[in-house]
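Participant: Mind having a look at this structure? Questions to follow.
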Amino acid sequence: MTKKKLYSLLCAVTLLSSPLVSLVPSVQAQASTNVTSQQTIEKAFKKANKAATKKQVLNNDYQSSIANGVMSIMATVMNNPDSGSSWGALAVARDGMPAQDMMTEQFSKAIGKDVDGMVSQNHFSGTDLERSIIGIAAVGEDPTNFHKLNLIDKTVKQIAADQKASASYGHTLGSNELIYGIIALSTGNYGTKIDSTVNDLVKQLLETQNADGGWDLNNQGTNDVDITGMALTALGMHKDQSGVQTAINKAVKMLKTKAFVPSTGGFLIPSSFSKEENSSSIAMAVTGLASCGIDPATEFSGTSGVNPINRLIAYQQPAGYFRWVFNDDGGAISMATEQAVYALEQYQFMKQGDGSIFDFKINPSHVDNSDGSSNHNNTGDENGKGDGNGALPELPGVSKKVQQSISDASNAVQTMINEEIKSGNFTGSDIIFGAARANLISKDQTQSLYEELLKQSKKGNLSKTSDLSRVILNMEALGIDPTDFDDRDLVKELNQAQDITNKGTYVAATSLLALESGHFNDVITSPSKVQELVQVLLNDSKNYDNEAWGFETDGAFTKDIDTTAVTVSALKTLVDNKDDYQLTDDMVSSINAVLQKATDFLTKSQLTDGGFGYSGSKTSNVNSTAVADVAFSTMDKDTGKVQNDKAQNSAIDALINYQQKDGTFKTDYSPELATGQALLGLEANVYQAQQKGSVYDFAKNSVAKFVPNAAVKDGSKTNDNSTTGSTSDETDDTDTSGDNDDVQANSDSLNNNNDDDNGDVQEDGTTTSNDDPDSYVTPDENRGGYEDGYVYPDNDQDRLPQTGSASPIAMIIVGLMLLASEGYFYFKDKKAKM
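Per our numbering, residue 2 is the first one in the sequence shown, and the count goes up by one each step.
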């Protein structure tokens, strides 16, 4: 089946069978639209794939996979324009459909919003700029004149500044900024000076190659699949430069001998970053190999005919999206889908002899900016922060700017909460956790979240160790009793779990936070699990000079801000209640000693802007800054005064500086994750100022007990509006303000972590969000690939690209767009070389 016919069938089936066709004159079936749309769309994709593969020759199914993946990305962006990213723009642009013309504006607006945010905050990073350039080129606009900025020149200057700063610390420029600098500055013809800069960056990249052929994030000599794939992508654009081909050959040999998995056809180098195979790592390797003109399907052939191409495609689901983990819908689904799609597009480019998908000189984007200009500047009448809707209440000792920051976030947070409810997959998240601790969640929203948790429990989705810790803390934050929920005692289940002491630092720390948060009777009467967790954390600290925690890769231990911060918060909250858990004097003494050293380590690690970065990075990010702020506040340190000799801002000011005009906090990946963590950092500052202790201690800082509507306690609903998150007056108004025996907890980083084989997962969830790909995410087995330094939040439901979670109307629009174009491809009508 040709690509043209495949798209026609795909879109026609989606459109003609959609329940929305019959919904136009009526809204009677509105309640079942999402479910029906999901089923219809999945059937459409299955039918299209089945019909296409009947006539396709072996190894050509990547074409239908691209088609399905692009449909998923486009549907997500149509449903939520703010979800548009540079990587999504690249994936859709390299698909080449005329239908993309309608998407170009959405992607350009999203990228423009990011650029405007950099300008308004006067905060630029090399990788922010590099990523933006790639997206701008993908939508057919000019990076030298985008929103009245020359991003090419600005990137060159930023790289030079970062190189100087890195050298002052005895480091080289981080791998991500180096790699994406080469790629971004090679997207077009930008003059001889830029070409010279690129040549210099290529030389630096060659110098950082490990002896056995790979690359890693922080140039520490350990091989990493993702970074090696990214490096190959950059080098593939400059194979004529001296030394490049030799480096490519060494990298390919390393991937063959140390990363390729013959039994699956995928790639994996086990480490704290990922102990299991994932689609993002495969996608990065495929992109790099194909960029260098190497066919992964023939050069990396495993048992029974498996290879990296058919293995990557195997991660794709009927609805078009790609899983990150093979048998689990957890992880960074949105990023996994974008990466997989453009990896397969790069494979197609390689088969056609078209070079790099990042080279817009040879392969320009097929977009239709009729006047050749961009009209996506943010010139609306948005009010800046702190314009005021009335005087803030007087809170003795609490900074007005901290109060104002929380207030400024409230409107955006309401939208995020309601989206969390609508997702239908709520099993605890950072935005709910942080918003609840900041008192930004209504009673009706709590009712809806309770119902969603009840559904998940009945489905068996709240059972893994990582689930229990996260859910207990979220429940406590909402005032829901975790010891009496759906005929279960979740706290007792966690306290009796056999595996929480051997899952790494992060799982141990978050489990400890959950068990200690409510001063639960079962834990106090049987404190042995708490004591075991403490001993695990104390023993772990010995690998990091008794002053920090972090992650281990191939026997090398790396101190990490995020891991250290969450562990400090857990141990300090515990030691403040030592009598409840029968801690010995020696144990308390050991805890206090390591806490003091860890606090000193965090202070020394503060960067020049006052913020904090991931594992040795010299660039801060909102996630690490937020969790560090929580740790300092828990240690009774005023984050308004935490400022080392080199820092230009205090820790709390650095956090507030990430806040944008709409109240959310700047991030590369998940605004929900970043805003939830930032809210907890701000609220921790308030607690410290008022000497209230830890934000995780719900016995000292209790929450009014939530009493669910009687009809939903067994899983049924009281009315059709019970899950909308609306503020109906029909909810239970029982006064429980004095009923504080139920307490709740908050965690600055409780992402939906569905992998029970968790290693040293980082508190940011991952990531990251992360303003700077060079300041990469801390290791997390549930994050995949760290392209561009994105943190990969687990089950980031607000960004799931599943077509069923997208608006059905958006799906119909996308279907019409594609049907009108009959799925025509712009790939020069070349047949892929087989």
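Backbone N, C-alpha and C fix where the C-beta goes; we use that ideal spot for every residue, glycine too. Just so we're clear, the structure is a prediction, and the values are computed from it rather than from any experiment.
(1) Taking the alpha carbon of LEU1 as the point to measure from, which residue in ILE228, LYS259, GLU494 has its own alpha carbon closest?
(2) Exposed or buried, SER272, counting other C-beta atoms within 10 Å across all chains shown (16 or more means buried)?
(3) Is the segment 108–116 in contact with the segment 76–92, if contact means three or more CB pairs nearer than 8 Å?
(4) How many Å lie between VAL78 and TYR170 at the Cα?
(5) Could you tell me the boundaries of the beta strand (DSSP E) in which LYS664 lies?
(6) Cβ atoms of GLY266 and GLY230: under 8 Å apart, would you say?
(7) So what's ASP488 in DSSP terms, helix, strand or just coil?
(8) Look at the Cβ atom of VAL226, then the Cβ atom of LEU236, and state whether they are nearer than 8 Å.
(9) Between which residues of its own chain and LYS701 is the CB-CB distance below 8 Å, once the five residues before and five after are set aside?
(10) From the DSSP output, which residues share a beta bridge with VAL326?
(11) In the DSSP assignment, what are the bridge partners of GLN340?
(12) Could you check if GLY127 belongs to the surroundings of the ligand FMN, using beta carbon to heavy atom distance under 7 Å?
(13) Looking at the unbroken alpha helix (DSSP H) that takes in ASN602, where does it start and where does it end?
(14) Just the C-alpha distance for SER366 and GLY70, rounded to the nearest angstrom, thanks.
(15) Which of the three DSSP states is assigned to VAL845 in this structure?
(16) What is the residue span of the beta strand (DSSP E) that LYS251 lies within?
(17) Determine contact between the segment 183–201 and the segment 534–546, defined as no fewer than three beta-carbon pairs at a distance below 8 Å.
(18) Just to confirm the assignment: which complete alpha helix (DSSP H) runs, minimum length 4, are found wholly within the segment 87–154?
(19) Just the C-alpha distance for THR554 and THR565, rounded to the nearest angstrom, thanks.
(20) With distances taken from CA atoms, which of GLN660, ALA212, GLN661, LYS642 is nearest ALA652?
(21) Name the one or two DSSP bridge partners that PHE613 has.
(22) Determine the burial state of GLU346: buried for a count of at least 16 other Cβ atoms within 10 Å of its Cβ, exposed for fewer.
(23) Given a cut-off of 8 Å, decide if LEU596 and LYS573 are closer than it, judged by their beta-carbon atoms.
(24) So, are the CB atoms of VAL531 and LEU516 less than 8 Å apart?
(25) Distance check for PHE613 and LYS667, CA to CA, integer angstroms please.
(26) Can you tell me which of the three DSSP states GLY356 falls into?
(27) According to the Cβ coordinates, are MET1 and MET119 closer than 8 Å?
(28) Should SER518 and TYR697 be called a contact, given that it needs their Cβ atoms to be closer than 8 Å?
(29) Assuming contact is defined by CB atoms lying nearer than 8 Å, are ILE184 and MET238 in contact in what I supplied?
(30) Between LYS158, ALA298, ALA252, which lies nearest to TYR63 when the distance is taken from Cα to Cα?
(31) Would you identify the three-state DSSP class for ALA212, choosing helix, strand or coil?
(32) Which value, in whole angstroms, describes the spacing of the CA atoms of ASP654 and GLY611?
(33) Please classify ILE134 as buried or exposed, where buried requires at least 16 other C-beta atoms within 10 Å of its C-beta.
(34) Just curious, the alpha helix (DSSP H) that LYS459 is in, first and last residue?
(35) Which whole-angstrom value is the C-beta distance of GLN317 and SER570, which I expect to be below 8 Å?
(36) Secondary structure at GLN159, three-state DSSP: helix, strand or coil?
Facilitator: Put simply:
(1) Any answer about residue 1 is impossible in this case: the structure gives the chain only from 2 up to 835.
(2) Residue numbering aside, residue 272 sits at position 271 when the sequence shown is read from its first letter. Buried, by the Cβ-count rule.
(3) yes
(4) As a working note, residue 78 is residue 77 in the sequence shown. As a working note, residue 170 is residue 169 in the sequence shown. One C-alpha to the other measures close to 41 Å.
(5) What you label residue 664 is simply residue 663 of the sequence shown in a count that begins at 1. Reading off the sequence, residue 664 comes out as Gly, not Lys. Note, GLY664: premise wrong, no beta strand (DSSP E); not H, not E.
(6) Within the sequence shown, numbered from 1, the residue matching residue 230 stands at position 229. Within the sequence shown, numbered from 1, the residue matching residue 266 stands at position 265. Not closer than 8 Å, so no.
(7) For this step, residue 488 is matched to residue 487 along the sequence shown. In the structure shown, ASP488 sits in coil (DSSP, three-state: anything other than H, G, I, E or B).
(8) Residue 226 sits at position 225 when you count from the first residue of the sequence shown. Residue 236 sits at position 235 when you count from the first residue of the sequence shown. It is not a contact, given that the beta carbons lie outside the stated cut-off.
(9) Reading the sequence shown from its first residue, position 700 is the one you call residue 701. Cβ within range, chain order: LYS693, GLY694, SER695.
(10) Start at 1 with the first residue of the sequence shown, and residue 326 comes out as number 325. VAL326 is bridged to ASP329.
(11) Reading the sequence shown from its first residue, position 339 is the one you call residue 340. DSSP, once it has assigned bridges, lists no residue as partnering GLN340.
(12) No copy of the ligand FMN occurs in the structure displayed, which carries no ligand at all.
(13) For the purposes of this step, residue 602 is taken as residue 601 along the sequence shown, with counting starting at 1. Checking the displayed sequence, the identity of residue 602 turns out to be Phe instead of Asn. Per DSSP, PHE602 belongs to the alpha helix (DSSP H) from 586–605.
(14) Locating residue 366 in the sequence shown gives position 365, where the first residue counts as 1. Locating residue 70 in the sequence shown gives position 69, where the first residue counts as 1. Each residue's alpha carbon lies about 19 Å from the other.
(15) The requested residue 845 is not part of the displayed model; the chain covers only 2 to 835.
(16) Indexing the sequence shown from 1 puts residue 251 at position 250. Counting along the chain, LYS251 falls outside any beta strand (DSSP E), though it belongs to the alpha helix (DSSP H) covering 245–255.
(17) no
(18) 87–94, 102–122, 127–139
(19) By 1-based counting over the sequence shown, the position of residue 554 is 553. By 1-based counting over the sequence shown, the position of residue 565 is 564. Going by the C-alpha atoms only, they are around 17 Å apart.
(20) Position 651 of the sequence shown, counted from the start, is the residue given in the question as residue 652. Comparing Cα-Cα distances from ALA652 to each of GLN660, ALA212, GLN661, LYS642, the minimum goes to LYS642.
(21) If you number the sequence shown from 1, residue 613 lands on position 612. DSSP, once it has assigned bridges, lists ASN622 as partnering PHE613.
(22) Counting from 1 along the sequence shown, the entry for residue 346 is found at position 345. It counts as buried.
(23) In the sequence shown, counting from the first residue as 1, residue 573 sits at position 572. In the sequence shown, counting from the first residue as 1, residue 596 sits at position 595. For LYS573 and LEU596, yes; Cβs fall inside 8 Å.
(24) Residue numbering aside, residue 531 sits at position 530 when the sequence shown is read from its first letter. Residue numbering aside, residue 516 sits at position 515 when the sequence shown is read from its first letter. Yes, they are a contact pair.
(25) Reading the sequence shown from its first residue, position 666 is the one you call residue 667. Reading the sequence shown from its first residue, position 612 is the one you call residue 613. Taking the straight line from one Cα to the other gives about 14 Å.
(26) Taking the sequence shown and counting its residues from 1, one reaches residue 356 at position 355. DSSP places GLY356 in coil when its eight states are reduced to three.
(27) Residue 1 lies beyond the stretch modelled for the chain, which goes from 2 to 835, so this question has no answer here.
(28) Against the sequence shown, residue 518 aligns to sequence position 517. Against the sequence shown, residue 697 aligns to sequence position 696. Yes.
(29) Within the sequence shown, the letter at position 183 stands for residue 184. Within the sequence shown, the letter at position 237 stands for residue 238. Yes. Within cutoff.
(30) Position 62 of the sequence shown, counted from the start, is the residue given in the question as residue 63. The option with the nearest alpha carbon to TYR63 is ALA298.
(31) By 1-based counting over the sequence shown, the position of residue 212 is 211. Assignment of ALA212 by DSSP, reduced to helix, strand and coil, places it in the coil class.
(32) As a working mapping, residue 654 is identified with position 653 in the sequence shown. As a working mapping, residue 611 is identified with position 610 in the sequence shown. Those two C-alpha atoms are separated by around 7 Å.
(33) Stepping through the sequence shown from its first residue, residue 134 is reached at position 133. So ILE134 counts as buried.
(34) The residue labelled residue 459 in the question sits at position 458 within the sequence shown. Its alpha helix (DSSP H) spans residues 444–459.
(35) Within the sequence shown, numbered from 1, the residue matching residue 317 stands at position 316. Within the sequence shown, numbered from 1, the residue matching residue 570 stands at position 569. Their Cβ separation, rounded to whole angstroms, is 39 Å, which puts GLN317 and SER570 out of contact at 8 Å.
(36) On the sequence shown, position 158 is the one that residue 159 refers to. It is helical.
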